[in-house]
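Chemist: Questions regarding the structure given below will be posed in turn.
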Amino acid sequence: MADVLSGRRRRENRRSILRLVVVLLLVLVASGVFLVINAFDPLLVLPYRLPSLGAMLCVGWASGVSTVMFQTVTGNRILTPSVLGLDALYALLQVVLLLVLGAAGLSSLPDLGAFVLTLLVMIGVSVALMGAVLGARRSVTTLVLLGIVLGTFLRSGTTFIQRLLDPNDFLILQDRLFASFGSINLDLLVLSLVLTVAVSILAIRELRALDVVALGPDIATALGVDHRRISRRVMFMVAVLVSVSTALVGPIMFLGLLVAHLAYWAAGTNRHVVTVPMAALVAMLVLVTGQTVLAHVLDADNVLSVIIEFLGGLTLIALIISSRRRS
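Numbering follows the working numbering, in which position 62 of the sequence shown is assigned residue number 73; successive positions increment by one, without gaps.
Have a look at this one:
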């Protein structure tokens, strides 16, 4: 019996590795096409396209990893990290900066300074929120509900302030509120990659524990896993990854939901050592392929985030309908 189970596990491992390798090769091919398509001299365009490619890979990895871990901890595959309200906090921060500094002051603000300020505010609010909720030994569900309420409040405040803006200032604000991979500051990209890699290394240590956490708090505790401690760690890592990707290119709410469910289907297993990297690779593939087609084939450079939000919204509706049918 043990030999049969061992053989089955080896076959499953080989299939999982093969699927990851196939998706990785697709990412490499898509990246190569993005770098050289429509380029008469690839060496001339590489300095401009490499930062954009790096940003897409960084954001894709952060979105995929954070969404799968978040859904595991919350026990709900419909939720995404956006329910924590970080995207609404980012929008409100941009509006406040525009009001305080003005259009000229905001444009003259150093990119690195604005990035660090945004990152510190988003992570700081996340840590304070988690400390207030999880520190009081309340459940992750309470944190999610509080995040939804906070996000609604922040969006309402942002909408109200936008109505007071000058039309020219409003256009400047809209450019900052939509994710864009067109012009990426190299210093910001390097800092984002460092933070993403550091958090990913910490996340690797939790992948096997997440397999147990996915069984629920009672079963996880019975099996010797501290569900509450793992949840706190994972939620902090999710907050950092979402903050980094949002501060780098802007908010993309439904990217994680879309790629997470594509990854669950492509992985063929529920083990996080497979689903987490699969989600990251699928997100990279979606972003790079989408940007290649839109920017260099259809000449529509800034609509990728809009299309992703549309497809992600359809995915959310389909998941809600299917869950109601099952119940």
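Quick reminder that beta carbons are idealized off the backbone N, C-alpha and C, glycines included.
Taking 8 Å as the threshold, find out whether the stretch 165-183 comes into contact with the stretch 241-251 through three or more Cβ pairs.
Modeler: Cβ pair count under 8 Å is below three, so no.
Chemist: Would you identify the three-state DSSP class for residue 23, choosing helix, strand or coil?
Modeler: Correct three-state label for residue 23: helix.
Chemist: Relative to the alpha-carbon of residue 216, which residue among 90, 287 and 176 has its alpha-carbon at the smallest distance?
Modeler: The residue with the shortest Cα to Cα distance from residue 216 is 287.
Chemist: Give a yes or no on contact between the stretch 92-103 and the stretch 274-293, applying the rule of three or more CB pairs nearer than 8 Å.
Modeler: Taking 8 Å as the limit for Cβ pairs, the verdict is that the stretch 274-293 does not touch the stretch 92-103.
Chemist: Should residue 70 be labelled buried (16 or more other beta-carbon atoms within 10 Å of its own) or exposed?
Modeler: Burial call: buried.
Chemist: Beta carbon of residue 214, beta carbon of residue 76: below 8 Å?
Modeler: In this structure, residue 76 lies closer than 8 Å to residue 214 by Cβ.
Chemist: Taking just the CA atoms, how far does residue 293 sit from residue 184?
Modeler: Roughly 30 Å separates the two Cα atoms.
Chemist: Express the C-alpha separation of residue 267 and residue 120 in angstroms, rounding to a whole number.
Modeler: Their backbone Cα atoms lie some 30 Å apart in a straight line.
Chemist: Give me the Cα-Cα distance between residue 181 and residue 28, rounded to the nearest whole angstrom.
Modeler: One C-alpha to the other measures close to 48 Å.
Chemist: Would you kindly work out how many angstroms separate the C-alpha atoms of residue 79 and residue 331, rounded to a whole number?
Modeler: When rounded, the distance between both Cα atoms is 18 Å.
Chemist: Flag this pair as touching only if the stretch 189-196 and the stretch 301-321 have three or more C-beta atom pairs under 8 Å; answer yes or no.
Modeler: Cβ pair count under 8 Å is three or more, so yes.
Chemist: Is DSSP giving residue 196 helix, strand or coil here?
Modeler: Residue 196 falls in the coil class under three-state DSSP.
Chemist: Between which two residues does the alpha helix (DSSP H) containing residue 274 stretch?
Modeler: Counting along the chain, the alpha helix (DSSP H) containing residue 274 begins and ends at 266-278.
Chemist: Could you give the DSSP three-state label for residue 88: helix, strand or coil?
Modeler: In the structure shown, residue 88 sits in coil (DSSP, three-state: anything other than H, G, I, E or B).
Chemist: Measuring only the C-alpha atoms, how far is residue 82 from residue 130?
Modeler: So the two alpha carbons sit approximately 23 Å from each other.
Chemist: Which same chain residues end up closer than 8 Å to residue 53 when comparing Cβ atoms and leaving out the 5 residues on each side of it in sequence?
Modeler: Closer than 8 Å at the Cβ level, and outside the excluded window around residue 53, lie 46 and 47.
Chemist: Rounded to the nearest angstrom, what separates residue 306 and residue 196 at their Cα positions?
Modeler: Answer to the nearest angstrom: the Cα atoms are 19 Å apart.
Chemist: For my contact list, residue 97 and residue 211 are in at a C-beta cut-off of 8 Å; report their separation, rounded to the angstrom.
Modeler: That pair is no contact at about 18 Å.
Chemist: In terms of alpha-carbon separation, which member of 34, 88 and 26 lies closest to residue 333?
Modeler: It is 88.
Chemist: Do you know how far the Cα of residue 50 is from the Cα of residue 7?
Modeler: Since the first residue shown for the chain is 12 and the last is 338, residue 7 is missing from the structure and cannot be characterised.
Chemist: With distances taken between CB atoms, is the gap from residue 247 to residue 324 smaller than 8 Å?
Modeler: In this structure, residue 324 does not lie closer than 8 Å to residue 247 by Cβ.
Chemist: What residue ranges within the stretch 159-222 form continuous alpha helix (DSSP H) runs of no fewer than 4 residues, ordered along the chain?
Modeler: Counting whole runs of 4 or more residues, the stretch 159-222 contains the alpha helix (DSSP H) stretches 178-188 and 197-215.
Chemist: Could you have a look at residue 150 and say whether DSSP puts it in helix, strand or coil?
Modeler: Residue 150: coil per DSSP, three-state reduction.
Chemist: Taking the Cβ atom as the reference point for each residue, do residue 85 and residue 151 lie within a distance shorter than 8 Å?
Modeler: Cβ distance < 8 Å, so residue 85 and residue 151 count as in contact.
Chemist: Residues in the same chain with beta-carbon distance under 7 Å from residue 44, minus the five sequence neighbours each way, listed in chain order, please.
Modeler: Once the five neighbours on either side are set aside, the close Cβ partners of residue 44 are 303.
Chemist: What does the Cβ neighbour count give for residue 262, buried or exposed, with the cut at 16 atoms within 10 Å?
Modeler: Counting Cβ neighbours within 10 Å, residue 262 comes out buried, since at least 16 surround it.
Chemist: What is the residue span of the alpha helix (DSSP H) that residue 119 lies within?
Modeler: Taken as a continuous stretch (DSSP letters only), the alpha helix (DSSP H) holding residue 119 covers 97-119.
Chemist: Can residue 260 and residue 290 be called in contact, C-beta distance under 8 Å?
Modeler: No, Cβ-Cβ distance for residue 260 and residue 290 is not below 8 Å.
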